[in-house]
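Residue numbers (mature numbering (1 follows the signal peptide of the UniProt record, and there is no 0)): -25 to -1, 1 to 229.
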């Protein structure tokens, strides 16, 4: 995919951008200045996720290099990486909205680790498909569903399949471009989305629009500077307390 832009105010309108960036060419200035503050010098390239852009005499040209999926992960001791690569940690035995769209939601249920009750581990992961099918995968590997089925693999019409794909991972695979993988041994979760969900996500996994500046958008629609306020807004119960910070500064971004 190629995009040619105008010479005065340039707007990148590719499918891999949810929010528009603009670049300005003023008089004899040949550089391209984007609205987020980035300046691309004349003749230079700007590599982006799934695309490559270049500035030529004040004009931006972009080529989609490949189709890419969005990946949000929860790893280690509740270290979360959003679809747009923002990172932070969670320290509470609470339930959170990991990601939500109009089509589905993924809920993260935390609890004390068996080995160290003062440490946070994943108790279960819940996948809700349009309110019609609810799948819960527990840390023991037990799977429950709103349909009552428990025999693996679980098949729900042509919508989704739940199965154990390795000695570590349980997987919910759908026909709508969503895959959820849960490592029940190592305590890791991966949510993988197709590009059709660009700019449509909410929750701890961020906004999935290739712009990390608005990743910490809280449940009330405000972009938070402090990741902890952002994290707390996506709790199912606001009264659920946080554990003391793991480091003296209390900073939870890593």
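Positions of the beta carbon are idealized from the N, C-alpha and C atoms, including for glycine.
Q | Reduced DSSP secondary structure (H/G/I, E/B, other) of residue 158 | A | In this structure, residue 158 counts as strand in the three-state DSSP scheme.
Q) Is the Cβ-Cβ distance between residue 112 and residue 126 less than 9 angstroms? A) Against a cut-off of 9 angstroms, the Cβ pair of residue 126 and residue 112 comes out as no contact.
**Q.** Own chain partners of residue 150 with C-beta closer than 8 angstroms, once the 5 adjacent residues on each side are dropped
**A.** Within the same chain, residue 150 has close Cβ partners 133, 134 and 135.
Q: Let me know if residue 142 comes out buried or exposed under the rule of 16 or more other beta-carbons within 10 Å of its beta-carbon.
A: Counting Cβ neighbours within 10 Å, residue 142 comes out exposed, since fewer than 16 surround it.
(Q) Rounded to the nearest angstrom, what separates residue 34 and residue 7 at their Cα positions? (A) The alpha-carbon separation between residue 34 and residue 7 amounts to approximately 7 angstroms.
(Q) Buried or exposed for residue 207, going by 16 or more other Cβ atoms inside 10 Å? (A) By the neighbour-count rule (16 or more Cβ atoms within 10 Å), residue 207 is buried.
Q | Integer-rounded CB distance, given that residue 152 should sit under 8 angstroms from residue 61 | A | Rounded, the Cβ-Cβ distance is 22 angstroms, inconsistent with contact.
Q: Could you please give me the residues that DSSP links to residue 45 through a beta bridge?
A: DSSP lists 168 as partners of residue 45.
Q) Is there contact between the segment 62 to 76 and the segment 158 to 175, where contact requires at least three CB pairs shorter than 8 angstroms? A) Taking 8 angstroms as the limit for Cβ pairs, the verdict is that the segment 158 to 175 does touch the segment 62 to 76.
Q: Going by DSSP, name the residue or residues bridged to residue 138.
A: DSSP output for residue 138 lists 146 as bridge partner(s).
Q | Residues sharing a beta bridge with residue 113, DSSP | A | Beta-bridge pairing links residue 113 to 99.
Q) For the candidate residues 89, 84 and 79, whose alpha-carbon lies nearest to that of residue 105? A) It is 79 whose Cα lies nearest to the Cα of residue 105.
Q) What separation, rounded to the nearest whole angstrom, lies between the Cα atoms of residue 195 and residue 53? A) Here the alpha carbons of residue 53 and residue 195 stand approximately 23 angstroms from one another.
(Q) If I measure Cβ to Cβ from residue 148 and keep anything under 6 angstroms in the same chain, skipping five residues before and after, which residues do I get? (A) Its chain contains 136 and 154 as the residues whose beta carbon lies nearer than 6 angstroms to that of residue 148, once the 5 sequence neighbours on both sides are disregarded; these appear in chain order.
Q | Euclidean distance between Cα positions of residue 205 and residue 183 | A | Taking the straight line from one Cα to the other gives about 16 angstroms.
**Q.** alpha helix (DSSP H) segment containing residue 205, residue limits
**A.** Where residue 205 is concerned, the enclosing alpha helix (DSSP H) starts and stops at 202 to 208.
**Q.** Sub-9 angstroms separation of residue 67 and residue 96 beta-carbons
**A.** No, they are not a contact pair.
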